[in-house]
Structure formats: C-alpha cells, structure tokens
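Numbering (the numbering used here), first residue to last: 186 to 584.
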C-alpha cells in the first residue's frame, strides 16, 4: 500500500495511484475536452447527512469545482435521487446523489477510482458508520482521499485493508517532516504579482468559493491569476500550489505559505496571486488567518461575510462580528487594505441580498457583491476598480 502526504508541499510532487491528481504544469482549460475528462481519476464523494451543510463544505466545493478528479456522484441519503447542483445551487450539474455506496458504484459501468471523504467535522475524526463506508470502498478496490485530522494511513485496520487490496490512502492533512519545512525569510516581498487574500468573518463561510470564482473571472479577462490553496478542499480540487495550513506546526506556517506563493510566482509569472483564507482573524478558535496575513503579506484583502449568520460555526454562544469590525481588525493587524466585501447569502432572499449589498456598500464605503448570486462581472470589477492598471493578456485558466 502507498500513502500520500505530498499535498502539503508548496509544489505538488509526482504521485502514483489512480487517485493521484494529474501532474501537468500547463494551464488547464476551464472547459475540459472529453479526452482530458477521461484522463482524470473518477471519484464518489461521501457526505452522509451533511451535503449543503457547513460540515459538508468539502463535498460542496468538489461538486462546484474540481480539476483533480472527475466527480461522478455524491452519497447523502437525505437527498437521494436528486441532482447535486440543483440541491446546492439551484442549477443542474448532472452529478447525482445516492443514498449509499452500493447504489453509487452500481450506477457506473466500472468501479470508480476513488472515494473522497467529503466532510470536515469539528472532531476531525471518522464516525463508526463512516469507518464502515471507507472499509467497504477499499474492499471494492477504491482508493481513499481524506482531509481529516485523523490520518487514515496510520489506522491499523484501514491501512491493513488497503494493503490487502493494493489501493492507496491519501491523507491531505498529513504534513511532511518538519526537517523539510521552511521558515519565513521575507522572500515574498520580491514577488511582483499583486497578492490578494480572501479572508472572512467565520470559518466555512465561502472564502474558497469566492476565490475560485474570482480566479476564473480574472483569467477569462486575460489577467493571469493563480489561486494558492490553504485548506484540504482546495488541495483536493487540484490547487497547483498550496499547503494545508492547519496541518503545519505554527513555527513553519508563515514560511510554508510564503514558499507556496514564491513557487507560484516563479512557476507561472502571474499578474495576480489569490490566497485562500481560513477561519477568521477575530475567531479565537483559529490562528490561521494571522499566519496567512503574515506569510502572504497581501497587498489587499477581500472580506467574505454572512449577514444572516447569528453565531460562529460550532460556537452558539459566540456572536458573529460585523464586517466593519473585522475590516478594522485586519487593517490594524497587517499593512494591507480591504478593497471590498463579498456576501454569503445563506438564509437570505433575493430582496435581502440586494438591500444588504446597498446598505453595506454605503456603510463601509466599499464595493459589495455576492460571488454566486450576482454577476461575476461585479466581483471582477471589485478588483479592477482598486487596481485599474492590471495588465491584460490573452485569456488563460490557471486556478
């Protein structure tokens, strides 16, 4: 059996096994040809009881965007028989939802390559039921991809089963040895690309989704952009550069992120580097936003906020901050500026989204939009208004 922990490196390294992401350094097109699609490993995403919910953010993200895997289906008995895109975003994507693994596998002509554990529970561990599904997938000859803090390749039962079936386990959050990690050295200051961090007022609030949509929009306009991933979902989706921030010892967080940004700059020569945010600077349970601000030294920040979210995820006694208080904290903590706000429209009607955009824009004196509920041109304008001199190049699609 072969286990994988390479995804926390600043540059993706070759990996064998059917589940390994493609290694081409060329810019992947947004719309893949049939031959390119067939070359990607196929995957079923397991998200029982959590699809569309906060703890299902990994599955939600993979359904919306995946360069590394061809997502075939989602497992969540709550929505069995429905289209995942219709359930998640009110748009058909032809990725069906099944109630259990047997049904998902039976739907395909051949057994899919991979089972992706598509949840991010606060415990970071497998439940007894989930363990059974993982073992079942291994027995079927499927590789396993997991973003849990509990490393499945270190689990005696799971590792033994994988070895017997000659399949691989890829633990996204398993870090490389500390001797191979780098300390911050200030080299990020030599990066010529405009650096924009997409931060938020809470975890699981849509920072990665907004950053992905923005990267596509900028590239489509000929503004060459690279998205540096900082969490397990972005790495599963196929981020070419990045690290799992919460898997890295604090001493090395800033240096490892800096290394990913420098690698993206050297490898792609982009106009813009977007840095995916994690947690929130004001959130006492997370320190990753502080490391992101220190390690990336961003020229600018876009803030993601959920106006109708009453309290922090998993912390019902901890009220959400306001967007204005988070902006003040970010700008006091780092030598940067917030250039706009993007909304997470959970529990908001169309009228509420429109009214909130107008009210927040007037209150903050900043452009405000919603990456999913409003035209992508509005999101693009948020950046180009702040940096009108951005160089236009022929359209590309590096994400």
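Glycine is no exception: its CB is placed at the ideal position from the N, C-alpha and C atoms.
Span of the beta strand (DSSP E) around residue i
i           : result
residue 328 : 328-331
residue 489 : 485-490
residue 228 : 227-231
residue 501 : 500-504
residue 453 : Run containing residue 453: none in the beta strand (DSSP E); it sits in the alpha helix (DSSP H), 435-453.
residue 457 : 457-461
residue 356 : 354-356
Straight-line Cα distance separating residue j from residue i
i           : j           : result
residue 560 : residue 530 : 14 Å
residue 501 : residue 240 : 15 Å
residue 304 : residue 330 : 11 Å
residue 575 : residue 568 : 9 Å
residue 571 : residue 523 : 10 Å
residue 397 : residue 344 : 34 Å
residue 137 : residue 480 : Outside the shown range of the chain (186 to 584) lies residue 137, about which nothing can therefore be said.
residue 414 : residue 356 : 16 Å
residue 247 : residue 422 : 6 Å
residue 371 : residue 462 : 20 Å
residue 270 : residue 280 : 7 Å
residue 358 : residue 499 : 21 Å
residue 244 : residue 251 : 10 Å
residue 472 : residue 383 : 15 Å
residue 285 : residue 227 : 17 Å
residue 294 : residue 307 : 36 Å
residue 267 : residue 482 : 43 Å
residue 515 : residue 451 : 28 Å
residue 433 : residue 484 : 24 Å
residue 409 : residue 341 : 45 Å
residue 360 : residue 444 : 15 Å
residue 417 : residue 368 : 21 Å
residue 586 : residue 296 : Residue 586 is absent from the model: the chain starts at 186 and stops at 584.
residue 442 : residue 407 : 26 Å
residue 393 : residue 325 : 32 Å
residue 328 : residue 353 : 5 Å
residue 520 : residue 336 : 37 Å
residue 474 : residue 387 : 10 Å
Alpha helix (DSSP H) segment containing residue i, residue limits
i           : result
residue 309 : Per DSSP, residue 309 belongs to no alpha helix (DSSP H) and is neither H nor E.
residue 236 : Taken as a continuous stretch (DSSP letters only), residue 236 belongs to no alpha helix (DSSP H), as it is neither H nor E.
residue 509 : 508-518
residue 477 : 473-481
residue 569 : 561-571
residue 269 : 269-274
residue 287 : 286-291
Residue i versus the options, residue with shortest Cα-Cα distance
i           : options               : result
residue 549 : 322, 575, 392 and 487 : 487
residue 374 : 440, 495, 281 and 465 : 440
residue 322 : 558, 300 and 307      : 300
residue 436 : 363, 344 and 226      : 363
residue 533 : 492, 475 and 371      : 492
residue 467 : 483, 318, 385 and 434 : 385
residue 495 : 294, 390 and 287      : 390
residue 558 : 566, 551 and 538      : 538
residue 399 : 465, 525, 242 and 225 : 525
residue 334 : 309, 411, 236 and 291 : 309
residue 254 : 453, 424 and 478      : 424
Helix, strand or coil at residue i [DSSP, three-state]
i           : result
residue 380 : strand
residue 346 : helix
residue 408 : coil
residue 525 : strand
residue 246 : helix
residue 414 : strand
residue 299 : strand
residue 264 : helix
residue 385 : strand
residue 257 : strand
residue 497 : strand
residue 542 : helix
residue 536 : helix
residue 277 : coil
residue 317 : helix
residue 390 : coil
residue 423 : coil
residue 282 : strand
residue 207 : Model confidence at residue 207 stands at a pLDDT of 27, short of 50, so the residue's coordinates are unreliable; what they give is reported in the following sentence. Coil.
Contact test: residue i Cβ vs the ligand GDP heavy atom, cutoff 8 Å
i           : result
residue 559 : This structure simply doesn't include the ligand GDP, nor any ligand for that matter.
### Task
Taking 8 Å as the threshold, find out whether the segment 229-240 comes into contact with the segment 259-278 through three or more Cβ pairs.
yes
### Query
If you pair each beta-carbon of the segment 540-555 with each one of the segment 503-519, do three or more pairs fall below 8 Å?
Contact annotation: the segment 540-555 touches the segment 503-519, with at least three C-beta pairs closer than 8 Å.
### Task
Indicate whether the contact test is met: 3 or more Cβ pairs, each with one atom in the segment 425-432 and one in the segment 337-353, closer than 8 Å.
no
### Task
Would you be able to state if there are at least three C-beta pairs under 8 Å between the segment 444-461 and the segment 363-383?
yes
### Message
Would you call the segment 313-322 in contact with the segment 274-283, where contact means no fewer than 3 C-beta pairs closer than 8 Å?
### Response
no
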